[in-house]
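Novice: For the sequence shown, the numbering used here gives the first residue as 136, with consecutive numbering after it.
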Amino acid sequence: LISSLSLSQIEFCTRDLFLQKKTYFVVFPYYNEDAVVKEARRASVISKKKIQVLGITDLQDFYSKAKYIKKKPKQSVAIILTDNNLLNPATTATIINYLNKEKIPVISTRPADTFKGAFISIFENKGSIEVHLNKITGDIIGFKIPDKFLKKSIVDVE
């Protein structure tokens, strides 16, 4: 996969934060579709959450598929599986901004994306999983961060 973490690991690490959320939308470059679809099926069974995959070819393709995410924003979380090609930092920042306006929490797999507005960045660093948080984005999207989750996270932006 694009990320060194599986979708199951991402869901598990953020479970305490998103207990009320029913659907995870996974945004990823279309050329990784086979691997992402397989991983999404596995993660859905393990997490008992609905996981929908949105392989995109460009930003216009994302905007056309974003209608699925916008249907139920209060029940949704977006996971962006970043890369350095299609979902490079600039494109990812545009998607994050769009989803923040819709009040949809964004989890990114790129470490610095919390500084670009992602609610959470989750990634592997030297063999351990790090969860970084942007508290300002949490306020913007109207999300209360439980103390239990805050204690096990690294706050990048307050």
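Think of the CB as a built atom: it goes at the ideal place given N, C-alpha and C, for glycine as much as any other residue.
(1) So, with DSSP's three-state summary, where would you put asparagine 223?
(2) Rounded to whole angstroms, what's the CA-CA distance from glycine 190 to leucine 285? Just pull it up for me.
(3) How is glycine 273 classed by DSSP in three states: helix, strand or coil?
(4) Have a look at Ala170, Glu174, Gln210 and Val180 and flag the residue whose alpha-carbon is nearest the alpha-carbon of lysine 156.
(5) Evaluate asparagine 232 with the Cβ neighbour count: other Cβ atoms within 10 Å of its Cβ, from every protein chain shown; 16 or more gives buried, anything less gives exposed.
(6) Can the beta-carbon of arginine 245 be found less than 8 Å from the beta-carbon of threonine 272?
(7) For a test of the three-state rule: what should DSSP assign to lysine 206, helix, strand or coil?
(8) What residues match up with alanine 213 in a beta bridge as DSSP calls it?
(9) Under 8 Å by Cβ, that's how I've got tyrosine 203 and phenylalanine 153 pegged, so tell me the actual separation to the nearest angstrom.
(10) Check for me: the alpha helix (DSSP H) holding glutamate 293 runs from which residue to which?
(11) Output the boundary residues of the alpha helix (DSSP H) element that contains phenylalanine 147.
(12) Taking DSSP as the reference, what is the three-state secondary structure of serine 256?
(13) Three or more C-beta pairs under 8 Å: does that hold for the stretch 177-193 against the stretch 264-271?
Specialist: On the basis of the data shown:
(1) Along the sequence shown, one-based indexing puts residue 223 at 88. Looking at asparagine 223 - three-state DSSP - the assignment turns out to be coil, as it is neither helix nor strand.
(2) Position 55 of the sequence shown, counting from 1, holds the residue named residue 190. Position 150 of the sequence shown, counting from 1, holds the residue named residue 285. Taking the straight line from one Cα to the other gives about 31 Å.
(3) Stepping through the sequence shown from its first residue, residue 273 is reached at position 138. Here glycine 273 sits in helix by DSSP.
(4) As a first step, residue 156 must be located in the sequence shown, where it is residue number 21. Checking every option, the nearest Cα to that of lysine 156 belongs to Gln210.
(5) Taking the first residue of the sequence shown as 1, we reach residue 232 at position 97. Under this definition asparagine 232 is an exposed residue.
(6) Within the sequence shown, residue 245 is the residue found at index 110, counting from 1. Within the sequence shown, residue 272 is the residue found at index 137, counting from 1. Result no, Cβ atoms of arginine 245 and threonine 272 do not sit closer than 8 Å.
(7) For the purposes of this step, residue 206 is identified with residue 71 of the sequence shown, where counting begins at 1. Residue state, collapsed to three classes: coil.
(8) Walking along the sequence shown from the start, residue 213 turns up at place 78. Listed as beta-bridge partners of alanine 213 by DSSP are Phe160 and Val241.
(9) If you number the sequence shown from 1, residue 203 lands on position 68. If you number the sequence shown from 1, residue 153 lands on position 18. Incorrect: roughly 18 Å between the Cβ atoms, too far for contact.
(10) Counting from 1 along the sequence shown, the entry for residue 293 is found at position 158. No alpha helix (DSSP H) holds glutamate 293; DSSP gives it neither H nor E.
(11) Working through the sequence shown from its first residue, we reach residue 147 at position 12. Here the alpha helix (DSSP H) through phenylalanine 147 covers 142-149.
(12) What you label residue 256 is simply residue 121 of the sequence shown in a count that begins at 1. The three-state reading of DSSP puts serine 256 in strand, counting E and B together.
(13) no
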